[in-house]
Each structure stands twice: as C-alpha cells, then as structure tokens.
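Residue numbers (the working numbering): 28 to 175.
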C-alpha cells in the first residue's frame, strides 16, 4: 500500500516521502498513529504543498537568525567600570550587563543567551559568545576599560 509519511518514521522514511509499505503495517500502525496518510487522490499534492510551505518557513527563520547573528558580530561594546589599584575592577561584568548593553544598541537578547563562563574581572578586550539559535552562535567584542 502506498502512503505519504506525515512524520519521520525510523527505518521507513522521512516526513513527506511517498513509501510503499505492507497494507497491515500501513492501516494498523502508520495511519492509526497519525504517522502517514493513504496516497489516494489529492492527498499527495496537499501534503507536498504543506511540506513546501513548512520548508520555506524554516528557511526564512534560518535566514533571519543568520542576519541577526551578523548584526551581533558587527557590534563592539565598551564597558566603563570603576578601577582600583593595579587595574583591579570594583565588581565585574556579567552576562546580564552585556545583554543590557546589547539592548541599548537595539539588539534584544536574554541574559541566558550570553555565554560567559565567568564574569569579566579584568581590563581588556574579550570575545563573548551570544547564542542566537540552537546551532548558531555569534561573537560580540567587549572592551572593559576604566570609567572616566
């Protein structure tokens, strides 16, 4: 029996594929659990158009995330802090402060998106990672200098 998979099924195929499977397997498992629909009439074209629209939406979201990552990477932050003797900072720069500085520049990120192992406690220039999406990380340059 020919079916169109509506979800990824291990050892059978991926969502949107047209597959030939045993009739009992199709009726009793795939169709019953909503993993496939029978490939009869206009079902194939309906599912194909649905998958195409879903793929274009995923591409659009991915493109927007990449543009956002480029915007973050092009940003350089300068953080002025009070400094004591020997260049020691009074306090430190945390992921929350970096997120707030980015927001002032029009880049909205949550503090948990700023990947900082430990707060910045010394003067200097740092590359700080910002998680834009699941597998997309941008780097922002943060310069810590004495407050004038």
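Here a beta-carbon is modelled for each residue, glycine too, at the ideal position from N, C-alpha and C.
Compute the Euclidean distance between the alpha carbons of residue i and residue j, then round it to the nearest angstrom.
i           : j           : result
residue 125 : residue 152 : 13 Å
residue 73  : residue 105 : 53 Å
residue 136 : residue 85  : 21 Å
residue 80  : residue 111 : 58 Å
residue 157 : residue 36  : 34 Å
residue 169 : residue 119 : 13 Å
residue 77  : residue 32  : 12 Å
residue 96  : residue 154 : 14 Å
residue 101 : residue 167 : 7 Å
residue 65  : residue 143 : 51 Å
residue 49  : residue 82  : 29 Å
residue 108 : residue 175 : 9 Å
residue 58  : residue 164 : 39 Å
residue 94  : residue 56  : 42 Å
Could you work out which residue in the options is closest to residue i when comparing CA atoms only?
i           : options           : result
residue 148 : 43, 91, 159, 122  : 122
residue 99  : 134, 44, 171, 160 : 134
residue 173 : 161, 88, 114, 127 : 114
residue 131 : 103, 34, 160      : 103
residue 28  : 87, 34, 67        : 67
Alpha helix (DSSP H) containing residue i: first to last residue?
i           : result
residue 98  : 70–100
residue 126 : 122–131
Which residue or residues does DSSP assign as beta-bridge partners of residue i?
i           : result
residue 151 : 171
residue 166 : 156
residue 142 : 156
residue 64  : 31
Write down the C-beta distance between residue i and residue j rounded to the nearest angstrom, noting that I regard them as a contact closer than 8 Å.
i          : j          : result
residue 53 : residue 30 : 5 Å
Can you give me the start and stop residues for the beta strand (DSSP E) that residue i sits inside?
i           : result
residue 109 : Per DSSP, residue 109 belongs to no beta strand (DSSP E) and is neither H nor E.
residue 45  : 45–47
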